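Quick note, the numbering used here runs 50 ahead of the 1-based positions in the sequence shown. Note that the Cβ used here is the ideal one computed from N, Cα and C, for glycine as well. Source: prediction; values computed, not measured.
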Amino acid sequence: MAKITLDEAQTEAKSLRKKLDKWAEDYYSKDAPEVEDHVYDQNYNRLLELEAEFPEIVTPDSITQRVGGQVNSDFSKVEHEIPMLSMGDVFSKEELKEFDQRMQKLVGHPVAYNVELKIDGLSLSLEYTDGKLTRASTRGNGSIGEDVTANARYIKDIPQVLPEKITTEVRGECYMSKEAFASLNKERDEKGEAVFANPRNAAAGSLRQLNAQVTKKRDLSTFIYTWVNPPKDITSQHQAIQEMSKLGFHTNQTGKKLSSMDEVFDFIDEYTKKRDSLAYGIDGIVLKVDELSLQQELGNTVKVPRWEIAYKFPPEEQETVVRDIEWTV
Ligand code: NAD
């Protein structure tokens, strides 16, 4: 980082926070982003860089210290007993190697990862009581989410009743397929209505509806990837996905348990090529320490689990990340 003074860093950080808060509001609350994700990410990473260089400028309400979303006050609120967190991200293989080295150092031995596609949608929690779906909620601000139970009843791949009478919670991604997105936008365009910027925003705008009849007309899907309170005999993320699938959840079966970074890089290269041909949008690859006991041991920061990281793909149209961007203050 070019040398700057504490005062300059303070001023720049303040301006970045203002900009990022506004963009996050447009993205999370209005489901209508004003800028592309990579622009948000570049500004966010600049703020991280400044706060790392000058820790004294970190404020508790900085976007780097909290989950970005907000709760629409028109929805009933749901308190997440176990917070729904965000995820750390990296933009290069070099940074992934550093993540792996950090994990190995923290646990004291080599680590296996469950490597999954990062689905471009919004997180959804599903709670079951005695095998019946009793509550569905969005991530919201991580601690408090929005109650979207009525809406989730209209998502076809969400089991309303499980084959076993268990009381449990799973989490995953609610998304809209590329086909459903194209057809929804075509229909909206023909009616003279505003079109959605991308499938992620279309999914969020379709799930977060006070009138569940609107959700009913939208073709939403889910990929479930987290079992919040799995039975004791489930010891790994890879196993959890297979077992949730047996319970009837729609899971993504492309995930692989991998033990070396070379295998992880091959997986990344494979899906960088296949990305466009998938029926749903992905914006990266997620590495999760596979062993659940190690995840527990590694724990979370205020914002992200320490045991997982997202490798984000470069922006689709603009292949090169702008490094000499002018950071306006
Ligand atoms: P994130 O979306 O980058 O990553 C965390 C989320 O990934 C999780 O909450 C989960 O919903 C999702 N996910 C998808 N597949 C997953 C899998 N297999 N396993 C686990 N989780 C999976 O983080 P965030 O905090 O939700 O959002 C930050 C990102 O949102 C930014 O990096 C930026 O790209 C975007 N954003 C864009 C704007 C904008 O204006 N364009 C504004 C705010 C945020």
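Proximity test, residue i beta-carbon vs the ligand NAD heavy atom, cut-off 6 Å
i: V85; result: yes
i: K168; result: yes
i: G138; result: no
i: S173; result: yes
i: Y275; result: yes
i: A74; result: yes
i: G190; result: no
i: Y90; result: yes
i: V128; result: no
i: Y77; result: yes
i: V161; result: no
i: E99; result: no
i: V336; result: yes
i: E144; result: no
i: E223; result: yes
Whole-number beta carbon distance between residue j and residue i, since they are thought to touch under 8 Å
i: S271; j: D170; result: At roughly 12 Å, the Cβ-Cβ gap does not stay under 8 Å, so S271 and D170 are not in contact.
i: S200; j: A254; result: As written in the sequence, residue 200 is Ala, which differs from the Ser given in the question. About 16 Å separates the two Cβ atoms, so there is no contact after all.
i: P83; j: N251; result: 7 Å
i: S79; j: Q115; result: Going by Cβ atoms, the distance from S79 to Q115 rounds to 19 Å, so no, they are not a contact pair.
i: L97; j: L70; result: 7 Å
i: I107; j: A63; result: 5 Å
i: S187; j: M226; result: In fact, because the Cβ distance is near 19 Å, the residues do not count as touching under 8 Å.
i: D139; j: A360; result: 4 Å
i: S136; j: V354; result: 5 Å
i: E146; j: L308; result: Reading the sequence as shown, one finds Leu at residue 146 and not Glu. Between L308 and L146 the Cβ distance is about 12 Å, and since that is not below 8 Å, they are no contact.
i: R258; j: D81; result: 7 Å
Nearest residue (CA-CA) to residue i, options the options
i: F363; options: T351, I335, V339 and Q345; result: I335
i: V128; options: T179, L146, L183 and S193; result: S193
i: V211; options: D139, I113 and E177; result: E177
i: E219; options: A59, F317, L260 and V278; result: V278
i: K155; options: Y361, V352, A360 and L344; result: L344
i: D91; options: V352, E293, D333 and E347; result: D333
i: A202; options: E223, E214, I216 and N248; result: E223
i: E229; options: V314, D269, E347 and A59; result: D269
i: A72; options: I359, I113 and V354; result: The question names Ala, but residue 72 is Lys in the sequence shown. Nearest option by C-alpha distance: I113.
i: D57; options: S126, K323 and E101; result: E101
i: L167; options: W357, E243 and F317; result: F317
i: T217; options: P281, D180 and R238; result: D180
i: F273; options: L337, L172 and G118; result: L172
i: R157; options: T55, V339 and E237; result: In the sequence under discussion, the amino acid at residue 157 is Val, which differs from the Arg named in the question. When each option's Cα is compared against that of V157, the closest is V339.
Enclosing beta strand (DSSP E) for residue i [first to last residue]
i: T184; result: K182 to T188
i: F315; result: It is not in any beta strand (DSSP E) - F315 instead sits in the alpha helix (DSSP H) that spans M311 to K324.
i: N164; result: Y163 to I169
i: D124; result: First-last for D124: undefined, no H or E at that position.
i: E358; result: E358 to K362
i: T275; result: With the sequence shown as reference, residue 275 is identified as Tyr, and Thr is not the correct amino acid for it. Residues L270 to W277.
i: K306; result: K306 to L308
i: V336; result: I332 to V339
The alpha helix (DSSP H) enclosing residue i, as first and last residue numbers
i: R152; result: K143 to V157
i: P249; result: P249 to L257
beta-carbon residue i near the ligand MN non-hydrogen atom, thresh 6 Å
i: G118; result: Looking for the ligand MN in the displayed structure turns up nothing; the ligands present are the ligand NAD.
Output the residue ranges of the beta strand (DSSP E) runs that lie fully inside the segment 167-246 and measure 3 residues or longer, sorted by chain position. 172-179, 182-188, 194-196 and 218-226
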